[in-house]
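Okay, structure first, notes after.
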Amino acid sequence: MNIRTVLTTALALAFAGGAAQAATTLTVFMGSQQRPEVFQPIFDRYQQANPGVTIKIETGGATSEAQNQYLTTVLAARDSTLDIFLIDVVRTATFGAAGWAEPLNSYLGSTDAYLKSFLPGPINAATYSGKLYAMPAFTDAQFLYYRKDLLAKYKLPVPKTWEELTATATKIQAGEGGSMQGFNFQGAPIEGTVCNFLEMLWTGGGNVSDVTSPAAKQGLGFLVNSVKSKLSPAASAEIKTDDSRQQFQAGNVAMGLNWSYAWAHFQGNSPQPTMVKGNVGVAALPAFGQNASATCTGGWEWAMNAYSTHKKESVKLLQYMSSINVQREMAVKGAYLPVRKSLYSDPAVLTVNPHFKSLYPVVLKARPRPVTPNYPRVSEIIRNSVSAAVAGSKTVDAALSDMQRDLGPLLK
Amino acid sequence: MTSRSVRRRSRESSESRLALLLMLPAAVLLCGVLLFPMLTTLRDSLYLNKLTEPWLKGFVGLKQYGQLIHDPRFLQALRNTLFFGVLTVGGSFLVGIPMALAAHTPSRVRGLARVALLLPWAMPPVISGLIFAWLFNAQYGVFNDILYRLGFIQEPLRWLSTPGLAVVAMVITIVWKTSSFVALIVLGGLQGIPRELTEAAEVDGATRVQGFFRVLLPLLAPSLAVAFIFRAISAIQVFDIPYTFIQQAPAQGLLETLGVYIYRTSIEFLDFGYGAALSVALFAISLAITAVYVRFVRDGSTS
Amino acid sequence: MSEAELPAPRLTPAERGVRVLAITGLIVGGFFPFVWMVLTSLKSEGELQKFPVQYLPSTLNPVNYGRVFSEQPFAQFFTNSLVVSLLSTALCIAFAVPAAYALARLHVRARGLLMTLVVAFSMFPVVSLLVPLFRLFRGANLLNSYPALILPYAALSLPVAILTLVAFFSAIPRDLEAAAMVDGTGRVGAMLRVVLPLSAPGMVTAALLVFVNSWNEFLLALSFNTRVSMRTVSVGVTLYQGEFAFPWPLIAAAVVVATVPIVALIAIFQRRFVAGLTAGGVKA
Chain A
367 MNIRTVLTTA
377 LALAFAGGAA
387 QAATTLTVFM
397 GSQQRPEVFQ
407 PIFDRYQQAN
417 PGVTIKIETG
427 GATSEAQNQY
437 LTTVLAARDS
447 TLDIFLIDVV
457 RTATFGAAGW
467 AEPLNSYLGS
477 TDAYLKSFLP
487 GPINAATYSG
497 KLYAMPAFTD
507 AQFLYYRKDL
517 LAKYKLPVPK
527 TWEELTATAT
537 KIQAGEGGSM
547 QGFNFQGAPI
557 EGTVCNFLEM
567 LWTGGGNVSD
577 VTSPAAKQGL
587 GFLVNSVKSK
597 LSPAASAEIK
607 TDDSRQQFQA
617 GNVAMGLNWS
627 YAWAHFQGNS
637 PQPTMVKGNV
647 GVAALPAFGQ
657 NASATCTGGW
667 EWAMNAYSTH
677 KKESVKLLQY
687 MSSINVQREM
697 AVKGAYLPVR
707 KSLYSDPAVL
717 TVNPHFKSLY
727 PVVLKARPRP
737 VTPNYPRVSE
747 IIRNSVSAAV
757 AGSKTVDAAL
767 SDMQRDLGPL
777 LK
Chain B
130 MTSRSVRRRS
140 RESSESRLAL
150 LLMLPAAVLL
160 CGVLLFPMLT
170 TLRDSLYLNK
180 LTEPWLKGFV
190 GLKQYGQLIH
200 DPRFLQALRN
210 TLFFGVLTVG
220 GSFLVGIPMA
230 LAAHTPSRVR
240 GLARVALLLP
250 WAMPPVISGL
260 IFAWLFNAQY
270 GVFNDILYRL
280 GFIQEPLRWL
290 STPGLAVVAM
300 VITIVWKTSS
310 FVALIVLGGL
320 QGIPRELTEA
330 AEVDGATRVQ
340 GFFRVLLPLL
350 APSLAVAFIF
360 RAISAIQVFD
370 IPYTFIQQAP
380 AQGLLETLGV
390 YIYRTSIEFL
400 DFGYGAALSV
410 ALFAISLAIT
420 AVYVRFVRDG
430 STS
Chain C
15 MSEAELPAPR
25 LTPAERGVRV
35 LAITGLIVGG
45 FFPFVWMVLT
55 SLKSEGELQK
65 FPVQYLPSTL
75 NPVNYGRVFS
85 EQPFAQFFTN
95 SLVVSLLSTA
105 LCIAFAVPAA
115 YALARLHVRA
125 RGLLMTLVVA
135 FSMFPVVSLL
145 VPLFRLFRGA
155 NLLNSYPALI
165 LPYAALSLPV
175 AILTLVAFFS
185 AIPRDLEAAA
195 MVDGTGRVGA
205 MLRVVLPLSA
215 PGMVTAALLV
225 FVNSWNEFLL
235 ALSFNTRVSM
245 RTVSVGVTLY
255 QGEFAFPWPL
265 IAAAVVVATV
275 PIVALIAIFQ
285 RRFVAGLTAG
295 GVKA
């Protein structure tokens, strides 16, 4: 296998390099929410295998914003202290255009062959204007979580289309009554909402370059109608990712959209008691009519500081972090979704995370959000318009035409 | 230290020298730490420096200031900032002065009252906005719960996703957070006023309310002026609470203040040139307000 | 002037009502969000999402307070904040007092202009100062050190401290000072023996303003001191969230831990300090 040769060479080189030169200290930056305790043993092992290299972890704030603020301060000052940093997949193009992330192609040799064993979503998300600006660290996607027990009770299959989902949600809601939500999604002005909208757009055959298309109207219309018909809560425009998770976990949701982290919570690994343990299923998102299912690529990636003074050593570390062994360990110990295809059928991974098998077809088809240096603006436009439409303070048509007006110049 | 002052009186001259000496450490600290970054920002505002379009570079003079006038988002943020400024500065005085009086009044719970006066201010500001956003939550927020239990509402109000209500929620949050500042300065002022003065007013037969307006308020004027100017400056710069709120409530751009717009432009959109121009514009607005204030204070104190 | 010797006020029932209302309002309004945090810190996550709201926790479980310290070195954050805030307050007040005295009491040309200049230093948004200051401190090798925060905090609060003190110094009758100077005390002696003791409430007020500003500052603290051993509380309380999860009970516990000692400290300091100075001060 190609990958093995590359890795062996990398390791051999690492040994040789380590012996030849004096100690190199690589500074790695990640957010404190990224559980440094999972990463620390991995780095420790790398240090043992590469005697010339010392790795120092620096942790930033716990939110994507706080980390971004720190990295922006440091990199705008052209600081070389950090060698590699973990960034949200949506930041690739911004960091690339700003000249902060070093393109990796020239360091990797035969890029195409090497990258073939990776999932296409995270690789596409890390690629900007033909260059690879980061190595995927772990991936994520939005999934349809559903209550197996409720579908069984009403003898309904897992919905394949949004139309079916509406019918199924209506039936369950009518039967269960009370505070049962038929369908739950994120409508607050956050990234999850951007993804929910893009998924609605993509699964209707639409594209972000034209958000006044019939597919866009159908997609945003679906979310808005879901609130109007009370399948989704009246306050959906205020629901954030973790609100969705908590409400599902409390047993109040029949079907809902969420990222992979929710699974562990539903199974009881959570500060909140779970009412749904063993009764949760995960599936690909439904689509409109005959269209294909689609979902958003999430997750994080390792980028190399363009101002780093240890680029060769840093690239080796990046490749190590996306190697099969490290990816397996992260999946087993931290339930991180691997970026390599083969691990979704890996016995060690599946023993601990049997649900990864059913996640595989979904993450395989995951698509990145628009890869543009202006993504922060793009995201803001989409999330604010969508949230306003879901809140009912803008009509679907007004929200979409505002969005088109503002997105147009940015996505040219 | 000019020749004129030397000629006039030697006492004045030695006083001036002493004054300069006394002001020197503060001047060194201010200039040493803040002057260089401020001048850097001023220079940056004259250059294009937008990292998302890195090919746009170079000296453009005042062009980015010209851009401000045609930037609808800047104008909206300016309007929002002034609107919130008037409401929250006014609000923090209306709430803060009675707070100080209540905390100054001798009573069995005065210790507790003083802690209450400090608490809103001492709570971490990054979290305060989140706490209030939660209290205003539509589904399980405390404010809806109270209104519901009291029978004022049948259906929960969607505070954050209804633009008008989001504005109200943010004003309440900022007033809650900033009244402590006013109250603290006023409380300090009250403690500096000899009790005899207020008692004299009472002996003269003035009612308490008259006494407050005729005796206390004029004596508090210097403290109030200081509280006002710094409240005004911080209201113009207000950032953390609006930044928290816009992540919960788009409110059609009504909650975006200049401070938030500057942060987004520089830190999130990576347009450091335009961000610098926005900062200088905000600085100029603050300066204009201060100039008015200084005139007011000078007229008040020398007459 | 001492607060302890105030005569019992004579109040009409209406006045008494207003007074009770004001004090109650102050205590309820000031304490409410804090009490809400205390209650939240004792709840489990499941108890948060209920409507009608469940106010009291069903069990009194202090487990989150243990987690505050076990998941992050919060005691270290606290020490760092204390050192940074105390030293920046001391530095700021030490520099503000002489400057304010000069502005309030001495013959200074272009006094209005100078005051405006002082205030102007507080008018730049900190966000814009972030990158240039970072460069400055990196050049001076100050990153990840206490001075990296003490210096900007002291400087940023200097304007408010100076103006607060000017207001207090100006309020002290000039005759008192003149009397002291006639007695043979010099200008500086008069400042130290007459003006400063009489403006004790002003100094306490200014010190509190600086202290709390420093304690609460977030932007600079996040960017300049990234080593865990140098982190402050204002950044520390934000480190308990996950990428998506916002564990309110745990974060509420952190907020309580971060707030209680500081409020206690301020309350004790304020009472002792003011009482001490006014009791021993110059009798008017």
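Protein chains in written order, with this note's numbering: chain A, 367 to 778; chain B, 130 to 432; chain C, 15 to 298. For glycine and all other residues, C-beta sits at the position ideal for the given N, C-alpha and C. Note that the structure is predicted; figures quoted are calculated from it, not measured.
Distance between residue j and residue i (C-alpha atoms, nearest Å)
i, j, result
"B/ASP173", "C/VAL140", "15 Å"
"B/LEU353", "C/GLY44", "21 Å"
"B/SER363", "B/PHE212", "14 Å"
"B/LEU197", "B/VAL409", "11 Å"
"B/VAL297", "B/SER290", "12 Å"
"B/GLY340", "A/VAL560", "59 Å"
"A/ALA714", "A/ASN750", "42 Å"
"B/VAL215", "C/ALA36", "24 Å"
"B/ALA242", "C/LEU40", "7 Å"
"B/THR217", "A/HIS676", "51 Å"
"C/THR246", "A/ARG743", "31 Å"
"A/TYR412", "A/ASP449", "16 Å"
Same chain, Cβ closer than 6 Å to residue i, neighbours up to 5 away in sequence not counted
i, result
"C/VAL52", "VAL270"
"A/GLY558", "GLN552 and THR607"
"B/THR307", "SER221"
Contacts around residue i, its chain only, beta-carbon distance under 8 Å, and the 5 residues preceding and following it disregarded
i, result
"A/GLN435", "GLY427"
"B/VAL423", "none"
"B/ALA356", "PHE222, GLY225, PHE310, VAL311, ILE314 and VAL315"
"A/GLY587", "VAL762"
"A/LYS760", "SER751, ALA754 and ASP768"
Any chain B beta carbon closer than 7 Å to residue i
i, result
"C/ALA281", "yes"
"C/PRO187", "no"
"A/THR425", "no"
"C/ALA28", "no"
Which of helix, strand or coil DSSP assigns to residue i
i, result
"C/ARG125", "helix"
"C/GLY39", "helix"
"A/GLN685", "helix"
"C/ALA22", "For C/ALA22, the pLDDT reaches just 48, beneath the cut-off of 50, and the residue's location in the model is therefore unreliable, although a value from the coordinates is still provided. In this structure, C/ALA22 counts as coil in the three-state DSSP scheme."
"A/PRO713", "helix"
"A/GLY665", "strand"
"B/ALA350", "helix"
"A/GLN539", "helix"
"A/PRO502", "strand"
"A/ARG749", "helix"
"B/ILE303", "helix"
"A/GLU424", "strand"
"B/PHE188", "strand"
"B/TYR277", "helix"
7 Å Cβ cutoff, residue i in contact with chain A
i, result
"B/GLN283", "no"
"C/ALA259", "yes"
"C/ARG149", "yes"
"C/THR252", "yes"
Contact with chain C by residue i, beta-carbon distance below 7 Å
i, result
"B/ILE418", "no"
"A/ASP449", "no"
"A/ALA428", "yes"
"B/GLU182", "no"
Proximal residues to residue i (C-beta, below 7 Å), its chain only, five neighbours per side dropped
i, result
"C/VAL180", "ALA114, LEU117 and ALA118"
"C/SER184", "ALA118"
Taking beta-carbon pairs under 7 Å, can you tell me which members of the stretch 735 to 760 of chain A lie near chain B?
Those would be PRO739, ASN740, PRO742, ARG743, ASN750, SER753, ALA754, ALA757 and SER759, in chain order.
Short-range partners of chain B found in the stretch 157 to 177 of chain C, where Cβ spacing is below 7 Å:
For the stretch 157 to 177 of chain C, the set of residues with a beta-carbon nearer than 7 Å to any beta-carbon of chain B comprises LEU165, PRO166, ALA168, ALA169, LEU172, VAL174, ILE176 and LEU177, in chain order.
Short of 8 Å Cβ to Cβ, which residues in the stretch 393 to 416 of chain A face chain C?
GLY397, SER398, GLN399 and GLN400
When Cβ atoms are compared, which residues of the stretch 504 to 535 of chain A fall closer than 9 Å to chain B?
none
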